[in-house]
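For what it's worth, my numbering labels the leading residue of the sequence shown as 97, then goes sequentially.
Just below is one structure, and these are the notes that go with it.
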Amino acid sequence: VQHSSLASFGQLGLMALPVEVRGENGWHQGHVQDFTEAAVIVHVEGLEPAVQTVGYDKVRFPPTSVDEPRPTFKSGDEVEVYRADEGSPLSWFAGVAGELHDEKLTVSYPDDDFAEDVELKAVRPRSDKATLKPGAFVAKQIAIPADLADTKSEDYAELVEKHPVFSVAVDAGSLTLKGTEEGVVSAEQQLASCFDAIRTARGGAGPAAPAAAAAAEKEESEDSAAEEEHADGAGGAGDDGVAGHEAGAEASAAAAKPKAAFSKTLTLSEESFPHAVGRRHANVAGARAIAGVVAISAHKPNITIHANTQEALDQAEKLLYIHVSTFTIPRSLLADFVGPDEANLNDVKEKTGVKKIKQIENQQTHIDFVTIGAPDAVKNVETMFAYMLDSAVHARKERGEPDLDLAPPARTPDASRNRSRTRNAPKASRADAPAASAAVGAAGSASPGARAGAGAGA
Numbered sequence: 097v098q099h100s101s102l103a104s105f106g107q108l109g110l111m112a113l114p115v116e117v118r119g120e121n122g123w124h125q126g127h128v129q130d131f132t133e134a135a136v137i138v139h140v141e142g143l144e145p146a147v148q149t150v151g152y153d154k155v156r157f158p159p160t161s162v163d164e165p166r167p168t169f170k171s172g173d174e175v176e177v178y179r180a181d182e183g184s185p186l187s188w189f190a191g192v193a194g195e196l197h198d199e200k201l202t203v204s205y206p207d208d209d210f211a212e213d214v215e216l217k218a219v220r221p222r223s224d225k226a227t228l229k230p231g232a233f234v235a236k237q238i239a240i241p242a243d244l245a246d247t248k249s250e251d252y253a254e255l256v257e258k259h260p261v262f263s264v265a266v267d268a269g270s271l272t273l274k275g276t277e278e279g280v281v282s283a284e285q286q287l288a289s290c291f292d293a294i295r296t297a298r299g300g301a302g303p304a305a306p307a308a309a310a311a312a313e314k315e316e317s318e319d320s321a322a323e324e325e326h327a328d329g330a331g332g333a334g335d336d337g338v339a340g341h342e343a344g345a346e347a348s349a350a351a352a353k354p355k356a357a358f359s360k361t362l363t364l365s366e367e368s369f370p371h372a373v374g375r376r377h378a379n380v381a382g383a384r385a386i387a388g389v390v391a392i393s394a395h396k397p398n399i400t401i402h403a404n405t406q407e408a409l410d411q412a413e414k415l416l417y418i419h420v421s422t423f424t425i426p427r428s429l430l431a432d433f434v435g436p437d438e439a440n441l442n443d444v445k446e447k448t449g450v451k452k453i454k455q456i457e458n459q460q461t462h463i464d465f466v467t468i469g470a471p472d473a474v475k476n477v478e479t480m481f482a483y484m485l486d487s488a489v490h491a492r493k494e495r496g497e498p499d500l501d502l503a504p505p506a507r508t509p510d511a512s513r514n515r516s517r518t519r520n521a522p523k524a525s526r527a528d529a530p531a532a533s534a535a536v537g538a539a540g541s542a543s544p545g546a547r548a549g550a551g552a553g554a
């Protein structure tokens, strides 16, 4: 495996080949990174370490998803329950179905002498997929045309999205595909059109260029209104070959646009896009599994959802529409801001339901609180943060300490080099930090007031 290629795919948010890996109590969701004759190298988010080498007999493919109709369960059916506990792998656990009531199914776990009510969307029939055997994956090296010798792995990302392959490594004028035998064969069959799409994007005249250009023109005329709506957010995908790939991929796919009753395009900021698609395209895969979703395409900065029902479209949008915001405070206010044992921060997470809040050191003088979640949740976090900052400033004044400049430090081109997670720095443990948790509860009606220079923004 060329680790540079894998890193590039991770940055693009593309999905590698999904598998399920046998754990002590269930099957963890993971992705294939490489293979040997005797083992599979998998990445399982939430395990320590995340990259594991396991035998083929501990790996299986996920069951084929069926959107319609929704599975029905009878008492005594063997089922698997999905869990997404924080800090643990996304996993499926075996159980036995009981009574169905109010869109919930009672599931018992005989081995643990335990039962619980589970939402139907988190239950599936017990998988009948067999574990893999040696030879499940193959590798094939293919020569790249001389005029495309300077292409990168990212230029062939479409092959990873559409075929059961997990690696497309480019080296010394050749391209190596790794995946299932079926995936490698189907990806190889698409290489010719992929080469032509790259040439077209570069302004060349490959054999498929006229057809691709005509398809692109047709797509443009049919969706001109949608393009105008998102024109402001669609600019600049970078100069590393990704923009060329996306243009060619969308042109070649125009003629095969999914037919659906409802469609919507989400335009995200550059910072929000990778969080929206998720690591290894996990969020996109989850949205595709929603009943009624026909197709989802993700090409920075847009995610387009096609669904047969408005409900399915709304569910997918809720999962994929992620916003990122940064709120900056002086480091000397950290203890008062977060409260004893980070009580204020924990209160914000609980009351807003935001996905994640990260603390990042900014030039050793300030702390950035990076919030990731649904737009409404992020907005509520900003409001509560504004109230917490006012409280922290007030506490400082009551102790007779000098006023601080609340404006965040100016960003420099290499500012990111001076930012690091504060988990390596001493945690806020100021004994006299005010317990503002109760006051934070009223932040929804509080005015940002003194936060004029606090620096909240996406």
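Cβ atoms here follow ideal geometry from the backbone N, Cα and C, with glycine treated the same way.
- Non-local C-beta neighbours of SER184 in its own chain, meaning closer than 7 Å and more than five positions away in sequence, comprise GLY142, ordered along the chain.
- Assignment of beta strand (DSSP E) within the segment 197-235, counting only whole runs of 3 or more residues, yields 200-205, 210-215, 219-221 in chain order.
- Counted as a single uninterrupted DSSP element, the beta strand (DSSP E) harbouring TYR178 occupies residues 174-179.
- Taking LEU429 as reference, the option from GLU446, THR405, PHE465 with the minimal CA-CA separation is PHE465.
- For a cut-off of 8 Å, the C-beta gap from SER187 to GLN125 is around 7 Å, short enough to register as a contact.
- Straight-line measurement puts the Cα of VAL266 at about 48 Å from the Cα of ALA193.
- For LYS414, the enclosing alpha helix (DSSP H) begins and ends at 406-416.
- Only exposed fits SER171, as fewer than 16 other CB atoms lie within 10 angstroms of its CB.
- The shortest CA-to-CA distance from ASP209 to any of LEU441, GLY191, ASP443 is the one to GLY191.
- In the structure shown, the three-state DSSP call for VAL450 is coil.
- The beta carbon of ALA403 is closer than 7 Å to those of ALA356, PHE358, GLY388, VAL389, VAL390, LEU409, ALA412 in its chain, skipping five residues each way along the sequence.
- Leaving aside the five residues that flank GLN237 on each side, the residues in its chain whose CB is nearer than 6 Å to its CB run, in chain order, SER270, THR272.
- Counted as a single uninterrupted DSSP element, the beta strand (DSSP E) harbouring GLY469 occupies residues 462-469.
- For ARG427, the CB contacts under 8 Å within the same chain, skipping 5 residues up- and downstream, are GLU457, GLN460, THR461, HIS462, ILE463 in chain order.
- Within the model, the alpha-carbon separation for VAL117 versus ALA245 is close to 37 Å.
- By the beta-carbon neighbour count (other beta carbons within 10 angstroms, threshold 16), LYS452 is exposed.
- Nearest to LEU416 by alpha-carbon distance, out of ALA439, GLU174, VAL380, GLU438, is VAL380.
- With fewer than 16 other Cβ atoms from the protein chains shown falling within 10 Å of its own Cβ, PRO145 counts as exposed.
- DSSP, read as helix, strand or coil, puts THR479 in helix.
- About 6 Å separates the beta carbon of ILE468 from that of ILE418, a gap short enough to meet the 8 Å contact definition.
- With contacts defined by Cβ atoms closer than 8 Å, PHE169 and LEU196 form a contacting pair.
- Here ARG427 carries a helix assignment [DSSP, helix/strand/coil].
- For ASN379, the uninterrupted alpha helix (DSSP H) run begins and ends at 378-384, by DSSP.
- For VAL450, the closest of ASP437, ALA470, PRO436, ASP443 by C-alpha to C-alpha distance is ALA470.
- Taking C-beta atoms as the reference points, VAL177 and ALA218 count as a pair closer than 8 Å.
- For GLN286, the enclosing alpha helix (DSSP H) begins and ends at 277-297.
- DSSP places PHE169 outside both helix and strand once states are collapsed to three, so it counts as coil.
- Our two residues, PHE291 and ALA253, have alpha carbons roughly 12 Å apart in a direct line.
- Beta-bridge analysis with DSSP links THR272 to GLN237, ALA265.
- In the three-state reduction of the DSSP assignment, ALA135 falls in the strand class, which pools E and B.
- Straight through space, the alpha carbons of ALA482 and THR276 are spaced by roughly 52 Å.
- Burial check for THR149: the Cβ neighbour count within 10 Å stays below 16, so the residue is exposed.
- One thing to note: VAL115 has its Cβ within 8 Å of the Cβ of ARG156.
- Membership of VAL373 in the alpha helix (DSSP H) is indicated by the continuous run 369-373.
- In the three-state DSSP reduction, ALA403 falls in the strand class (E or B).
- Contact between VAL128 and VAL136 holds, with the beta-carbon distance rounding to 6 Å and staying under 8 Å.
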